[in-house]
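Please read the structure below before turning to the comments.
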Amino acid sequence: RANLMFYLDPQFGSFEDNLRRLEEMDCVTGFGDEMLKLNGCKVTLDGITAAFTAAMSRREYRQRPGFYGDTIYTQEEIDALVCKATELGWQFGIHTIGDASEDRALHAFQEANKIRPVKELRHYLIHYQLPYEDQWPIMKELGVGVCLQPTLVSQMGEEPLFWPEQVERFQSPGLMF
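Taken in order, the sequence shown gives residues 940 to 1116; the numbers are from my numbering.
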């Protein structure tokens, strides 16, 4: 059995190209059968901390003072992609490592929720490495899930690239992991 995601990769076209690809798809989340099924859309909003490409806003990189990284899509672009996918009935997963990308993704989910309840489509954050408590009420309200990849933490090397207190924040009650 295989569950696939429709990946809107910026390496294969511009934001406009990916928006058009979404509109041109002939199927949505759930298409397929018990052996092969299309689960939803995925975008990568930022990179990883090991390469200093995760988008931060609350704290700079410890190893690169004054540097915060950036997101691949602007707020307006990610809002448009998520809103269009929601309108079309897609489940949406967003790769977020840094807190700035998490905040942008949650904003996009809030915008999409104005079109259709995202709780119905089960939108989620992929990785969610730097959780902050101020994000949790939004996640709980919208029913935003989290798809963790704990091995990322173990592959960061001996010197942690993020802050030890962040790990403790995964003990939050009420979030869907």
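In this text, a Cβ means the ideal position worked out from N, Cα and C, and glycines have one as well.
Under the DSSP assignment, His1034 falls in the beta strand (DSSP E) whose first and last residues are 1031-1035. Within the DSSP secondary-structure output, Val982 pairs in a beta bridge with Ile1033. For the 8 Å CB-CB criterion, Thr1035 and Leu984 form a contact.
By the criterion of a C-beta distance shorter than 6 Å, Phe945 is surrounded in its chain by Cys980, once the five residues flanking it on both sides are discounted. Beta-bridge pairing by DSSP links Asn942 to Lys976.
Around Cys966, the same chain offers Leu977 as residues with beta carbons nearer than 8 Å, after the five sequence neighbours per side are excluded. Look at the beta carbons and you see the segment 1049-1057 not touching the segment 994-1012: under three pairs across the two are nearer than 8 Å. Taking 8 Å as the upper bound for CB-CB distance, Val982 and Leu947 are in contact here, some 5 Å apart.
Ranked by how close their Cα comes to the Cα of Gly986, the residues Ala941, Val1083, Arg1055, Glu1041 have Glu1041 in first place.
Beta-bridge partners assigned by DSSP to Cys1086: Ile1065. Scanning Tyr1012, Lys1058, Gln1030 for the CA closest to the CA of Ser953 turns up Tyr1012.
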